[in-house]
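In this note's numbering, the protein residues as written are 10 to 256.
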């Protein structure tokens, strides 16, 4: 299975039906990923990243998510909690009345506004979030586009190290007390000890790896999952992958 930070992908050719005519047919190159399914049948599902995190003066997290369109409550895509402070870094989402999924960051316990969004369409979406202590600047990207940004977060300290990184749940206590689950599929989680720039996010959205300063590259062997969370194989279209036509 492929992931950012690795160089091998399993690829499949998929016909682009909208481009099939009497004269030519076009194909796109899809990429196979190993993903985790968080089923709606249980509110207990989670996956823990088995990596030791240092103190962070900057951080970026990117992930591909497929939201369960039947779930309308607040959901936690990921949460990072430190022993001395649980709400260190967290990405949450909720569905609005217009059928959009609104995203919000929590940094050092400060809940930023729900603003960045994508349609609750059951499709896969690529999300990146960044934070830089020196300026207090943060940003949220969706499918390669910057959807929200700001500053003014607490820049008096770094993000604490030695924390627990959980996929699919918040942490009201260190490593536990889950109350706001995510339902759907997650793959291609990657974490960096740097604040990604827009050009980096464009490359990542197109399935090109960014390996410098990487703290975690997607690998199911480095995750511990709740028994309800299952591994699934998914085919995703990467915008930067080759599309070709046969005439």
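We put the beta carbon where it would ideally sit given N, CA and C, even for glycine.
- Assignment of residue 243 by DSSP, reduced to helix, strand and coil, places it in the strand class.
- Around the beta-carbon of residue 163, fewer than 16 other beta-carbon atoms lie within 10 Å, marking it exposed.
- In this structure, residue 115 sits away from residue 76, with a CB-CB distance that is not shorter than 8 Å.
- Within the stretch 168 to 243, the complete alpha helix (DSSP H) segments at least 4 residues long are 207 to 214, listed from N- to C-terminus.
- Residue pairing by DSSP puts residue 139 in a beta bridge opposite 69, 148.
- With fewer than 16 other Cβ atoms from the protein chains shown falling within 10 Å of its own Cβ, residue 241 counts as exposed.
- Look at residue 106 here: in three-state DSSP terms it is coil, with no helix or strand label.
- Residue nearest to residue 127 within the set 151, 80, 179, 63 is 151 (criterion: CA-CA distance).
- Residue burial annotation: residue 106 is exposed, with fewer than 16 other C-beta atoms found within 10 angstroms of its C-beta.
- In the assembly as shown, residue 65 is a buried residue. Its beta-carbon has 16 or more other beta-carbons within 10 Å.
- In the pairwise beta carbon analysis, the stretch 137 to 147 is classified as not touching the stretch 42 to 50: fewer than three pairs are separated by under 8 Å.
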